[in-house]
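K.L.:
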Amino acid sequence: MCSNLKPRIRRLSVANQVYNRFRSQGNALSPGDIAIVDGAEFHHYQPGWTLVGAGLKDKYSLRRRMTDLIPAHIAYQPENAASFSPETNSITTSGGTSITYDALIVAPGLQINWDGIGNLSKALADPQSGVSSIYSFDTADKAWSDIEALRTGKAIFTQPAGVIKCAGAPQKIMWMAWDRYRRTRRNDHIDVEFITGMPTMFSVPKYSEALNKLREQRGVGALFKHNLTSIDPARRVASFKTADGVTAEKEYTLLHVTPPMGPPDFIKSSPLADGAGWVDVDQGTLQHKKFSNVFSLGDASSLPTSKTAAAITAQAPVLTHNLVSLLNTGKIGKAVYDGYTSCPLLTGYGQLMLAEFVYGLKPKETFSAFGDQAVPGRAFYYLKKDFFPWVYYNRMVEGTWFGTSGFSEPKLVSQ
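Heads up: the sequence shown begins at 22 in my numbering, then just goes up one per residue.
#1: Name the residue from Ile185, Ala102, Met195 whose alpha carbon lies nearest to the alpha carbon of Thr368.
#2: Compute the beta-carbon to beta-carbon distance between Leu293 and Val315, rounded to the nearest angstrom, for a pair I have assumed lies under 8 angstroms.
#3: Can you say whether Asp238 is buried or exposed, counting buried as having 16 or more other CB atoms within 10 angstroms of its CB?
#4: Among Ser363, Ser426, Thr341, Asp359, whose alpha-carbon lies nearest the alpha-carbon of Phe43?
#5: Which residue from Asp79, Ala395, Thr118, Gly427 puts its Cα closest to that of Pro226?
#6: Would you check if the region 139-152 and the region 244-262 touch, i.e. whether three or more CB-CB distances between them fall below 8 angstroms?
#7: Evaluate the contact criterion for the region 283-298 versus the region 328-336: three or more CB pairs, one atom per stretch, below 8 angstroms.
#8: If we define contact as Cβ-Cβ less than 9 angstroms, is Leu83 a contact residue for chain C?
#9: Within the region 181-224, note down every full beta strand (DSSP E) run reaching 3 residues or more, in order along the chain.
#10: If contact is defined by three or more beta carbon pairs under 8 angstroms, each pair taking one atom from either stretch, is the region 173-183 in contact with the region 269-276?
#11: Which term fits Tyr81, buried or exposed, when burial requires 16 or more other beta carbons within 10 angstroms of its beta carbon?
#12: Quick one, are the C-beta atoms of Tyr122 and Ile57 less than 9 angstroms apart?
#13: Buried or exposed for Cys23, going by 16 or more other Cβ atoms inside 10 Å?
#14: Could you spell out where the alpha helix (DSSP H) holding Phe287 opens and where it closes?
#15: How should Pro28 be labelled, buried or exposed, when 16 other C-beta atoms within 10 angstroms of its C-beta is the threshold for buried?
#16: In the structure shown, what three-state DSSP assignment does Pro226 receive?
#17: Within its chain, find whatever has a CB closer than 6 angstroms to the CB of Ser229; leave out the 5 residues flanking it on each side and keep chain order.
#18: Just reading off the alpha helix (DSSP H) that Gln38 is part of, what are its end residues?
#19: Identify every run of the beta strand (DSSP E) within the region 60-89, keeping only runs that are complete inside it and at least 3 residues long; order them along the chain.
#20: Can you give the Cα-Cα distance for Arg31 and Val184, rounded to whole angstroms?
#21: Looking only at its chain, what residues have a beta carbon closer than 6 angstroms to the beta carbon of Asp162, apart from the 5 residues adjacent to it on each side?
#22: If you draw a straight line from the alpha carbon of Gln149 to that of Glu419, how long is it in whole angstroms?
#23: How long is the line joining the alpha carbons of Lys78 and Ala335, rounded to whole angstroms?
#24: What residue from Lys193, Lys246, Trp135 has the CA that sits closest to Arg236's CA?
#25: According to DSSP, which residues form a beta bridge with Ala269?
#26: Does DSSP classify Pro410 as helix, strand or coil?
#27: Within 8 angstroms, do at least three Cβ pairs link the region 124-139 to the region 165-175?
#28: Just the Cα atoms here: how many angstroms apart are Val345 and Ile353?
#29: Would you kindly report the start and end of the unbroken beta strand (DSSP E) that includes Ile168?
#30: Comparing alpha-carbon positions, which option in Ala103, Ile55, Ser106 lies nearest Ile94?
#31: Measuring only the C-alpha atoms, how far is Leu375 from Cys364?
#32: Within 10 angstroms of its Cβ, does Met417 collect 16 or more other Cβ (buried), or is it exposed?
#33: If you compare alpha carbons, which of Asp147, Ala400, Gln38 is closest to Gly371?
#34: In whole angstroms, what is the alpha-carbon distance linking Asn25 and Ser115?
#35: So, Tyr361 versus Phe378, is the Cβ gap smaller than 9 angstroms?
#36: Using the beta-carbon count (16 or more within 10 Å), is Asn502 buried or exposed?
Okay, structure coming up:
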């Protein structure tokens, strides 16, 4: 069947921003003119899973039913997109429904490849394995249980090479575990090590240098350019490999795993994808390079910046401006996204390093007038712990939170 719904907006924050923009122009859309296509029963505040792993939040408090979030003026198709036909302006859902559109925003997020690491799924399912991950609702609280249970031994925290959700999260949970051990006087009996497929602690040199100095001060071991490939749960041994094929085995008592990630399979196989499988959009306008009425933002897009919720707050107003202009005039707007993203790097209880940067890995800090953001601060910590989870569900999903611009729409940079 073919739905009679019109534009298809995939991300709730953008859907509401588009609706609000038309309404502010005196051209309010009719109910159903904007729709969300999403088969998930729940929406999760995923940046909060680090807080769950650190024992600071209950994971159930960070999720909402999709039906409770979507307002009456937005139609809801509770199925997942399965394929795209941009030549005919239509998509097909997982249930076989054909839906046409005037404009399409694609924002399905990343695909987590749990099977990319041998025996990982098996180890995560075993409550006694000592293996956990904050990258899943089902396992985020296991990270906290494992951290609390450890009294002596080796705690290893991993990060793969390549693109992942929030590139700072793998070490955030490590720093929180380290501080928990310090505060409970276990740090003399537990060795903490960070093993990453990346060449440095962080992609932005300024913050990477500060984090590496912190690592050295705290006596945290590190191994760079090493990817976790498999786990032997019975022996509690993790196997790693470098890009050159060099292998290494590490014994562990606790192992926190960040699995490899990538674009969803249905995006990779679609005509919307670039050579690497991401939705192929202009890095400034967020418009698809081939199909002018298709846009993308967030994790599945080809935008060369860190994939975070903060990035969405900067991308969404640009996309909204350019899309609404296209629908109103037939010409795309002139707003440009500069690559802004942010990673609130927890470094302990009551401590946070607020990394903010744009394309080219150049810092663009909101609070630089008050001090160096590479120095962990207490105020930043409470932004992460309390304010961001609140503002996400109370303002961001409503389309009324704009990140560094607060509750006011930002002044957009033009081409």
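Beta carbons: idealized from backbone N, C-alpha and C, even for Gly.
P.N.:
This is what the structure holds:
#1: Numbered from 1 along the sequence shown, position 347 holds the residue referred to as residue 368. Here the closest residue by C-alpha is Met195.
#2: For the purposes of this step, residue 293 is taken as the residue at position 272 of the sequence shown. For the purposes of this step, residue 315 is taken as the residue at position 294 of the sequence shown. The pair is a contact, with the Cβ atoms about 6 angstroms apart (cut-off 8 angstroms).
#3: Taking the sequence shown and counting its residues from 1, the one referred to as residue 238 is at position 217. Before going on, a small fix: residue 238 reads as Gln here, not Asp. Burial call: exposed.
#4: Taking the first residue of the sequence shown as position 1, residue 43 is located at position 22. Closest option to Phe43, judged by alpha-carbon separation, among Ser363, Ser426, Thr341, Asp359: Thr341.
#5: Reading the sequence shown from its first residue, position 205 is the one you call residue 226. Comparing Cα-Cα distances from Pro226 to each of Asp79, Ala395, Thr118, Gly427, the minimum goes to Ala395.
#6: The region 244-262, when compared against the region 139-152, does touch it at the 8 angstroms Cβ threshold.
#7: Taking 8 angstroms as the limit for Cβ pairs, the verdict is that the region 328-336 does not touch the region 283-298.
#8: Absent from the structure is chain C; it holds one protein chain and no more.
#9: Counting only runs of at least 3 residues, the region 181-224 fully encloses the following beta strand (DSSP E) elements, listed from N- to C-terminal order: 211-217.
#10: Result yes; three or more Cβ-Cβ pairs closer than 8 angstroms.
#11: Taking the sequence shown and counting its residues from 1, the one referred to as residue 81 is at position 60. Exposed, by the Cβ-count rule.
#12: Residue mapping note: residue 122 aligns to position 101 of the sequence shown, counting from 1. Residue mapping note: residue 57 aligns to position 36 of the sequence shown, counting from 1. No Cβ-Cβ contact shorter than 9 angstroms links Tyr122 with Ile57.
#13: As a first step, residue 23 must be located in the sequence shown, where it is residue number 2. At Cys23, the pLDDT of 36 sits below 50, so the modelled position is not reliable and the matter cannot be decided from this model.
#14: Counting from one through the sequence shown, the residue named residue 287 turns up at place 266. Counting along the chain, the unbroken alpha helix (DSSP H) around Phe287 starts and ends at 286-289.
#15: Against the sequence shown, residue 28 aligns to sequence position 7. Caution applies to Pro28, whose pLDDT of 43 falls short of 50 and renders its modelled position unreliable; the value that the coordinates give is listed next. Buried, because 16 or more other Cβ atoms sit within 10 Å of the Cβ of Pro28.
#16: On the sequence shown, residue 226 is found 205 positions in, with the first residue counted as 1. Looking at Pro226 - three-state DSSP - the assignment turns out to be helix.
#17: Residue mapping note: residue 229 aligns to position 208 of the sequence shown, counting from 1. Excluding sequence positions up to five before and after Ser229, its CB lies within less than 6 angstroms of the CB of Thr221, Met222, Phe223, all in the same chain and listed in chain order.
#18: Within the sequence shown, numbered from 1, the residue matching residue 38 stands at position 17. Per DSSP, Gln38 belongs to the alpha helix (DSSP H) from 33-45.
#19: Those beta strand (DSSP E) runs which fall completely within the region 60-89 and span 3+ residues are 63-65, 84-86.
#20: Here residue 31 corresponds to residue number 10 of the sequence shown, with the count starting at 1. Here residue 184 corresponds to residue number 163 of the sequence shown, with the count starting at 1. Confidence is the limiting factor: at Arg31 the pLDDT is only 43, short of 50, which leaves the residue's position unreliable, though a coordinate-based value still follows. Using only the alpha carbons, I get a separation of about 22 angstroms.
#21: On the sequence shown, residue 162 is found 141 positions in, with the first residue counted as 1. Around Asp162, the same chain offers Val73, Lys80 as residues with beta carbons nearer than 6 angstroms, after the five sequence neighbours per side are excluded.
#22: Residue numbering aside, residue 149 sits at position 128 when the sequence shown is read from its first letter. Residue numbering aside, residue 419 sits at position 398 when the sequence shown is read from its first letter. The straight-line gap from Cα to Cα measures roughly 41 angstroms.
#23: Taking the first residue of the sequence shown as position 1, residue 78 is located at position 57. Taking the first residue of the sequence shown as position 1, residue 335 is located at position 314. Approximately 26 angstroms between the Cα atoms of the pair.
#24: If you number the sequence shown from 1, residue 236 lands on position 215. Lys193 is the residue among Lys193, Lys246, Trp135 whose C-alpha sits nearest the C-alpha of Arg236.
#25: Taking the first residue of the sequence shown as 1, we reach residue 269 at position 248. Paired residue(s): Phe261.
#26: For this step, residue 410 is matched to residue 389 along the sequence shown. In this structure, DSSP gives Pro410 a helical state, which the three-state scheme calls helix.
#27: No, because fewer than three Cβ pairs between the region 165-175 and the region 124-139 fall closer than 8 angstroms, the two stretches do not touch.
#28: One-based indexing of the sequence shown puts residue 345 at position 324. One-based indexing of the sequence shown puts residue 353 at position 332. Those two C-alpha atoms are separated by around 8 angstroms.
#29: Position 147 of the sequence shown, counted from the start, is the residue given in the question as residue 168. Per DSSP, Ile168 lies in no beta strand (DSSP E); the unbroken alpha helix (DSSP H) holding it starts and ends at 161-170.
#30: Here residue 94 corresponds to residue number 73 of the sequence shown, with the count starting at 1. In the sequence under discussion, the amino acid at residue 94 is His, which differs from the Ile named in the question. Closest option to His94, Cα to Cα, is Ile55.
#31: The residue given as residue 375 occupies position 354 in the sequence shown. The residue given as residue 364 occupies position 343 in the sequence shown. Spanning the two alpha carbons is a distance of roughly 6 angstroms.
#32: Residue mapping note: residue 417 aligns to position 396 of the sequence shown, counting from 1. It counts as buried.
#33: Working through the sequence shown from its first residue, we reach residue 371 at position 350. Its Cα nearest to that of Gly371, the residue Ala400 stands out among Asp147, Ala400, Gln38.
#34: Against the sequence shown, residue 25 aligns to sequence position 4. Against the sequence shown, residue 115 aligns to sequence position 94. Here Asn25 scores only 37 on pLDDT, less than 50, and its place in the model should not be relied on; the value that follows carries that caveat. If you draw a straight line from the Cα of Asn25 to the Cα of Ser115, it is about 18 angstroms long.
#35: Residue mapping note: residue 361 aligns to position 340 of the sequence shown, counting from 1. Residue mapping note: residue 378 aligns to position 357 of the sequence shown, counting from 1. Yes, they are a contact pair.
#36: What is shown of the chain runs 22 to 436, which leaves residue 502 out entirely.
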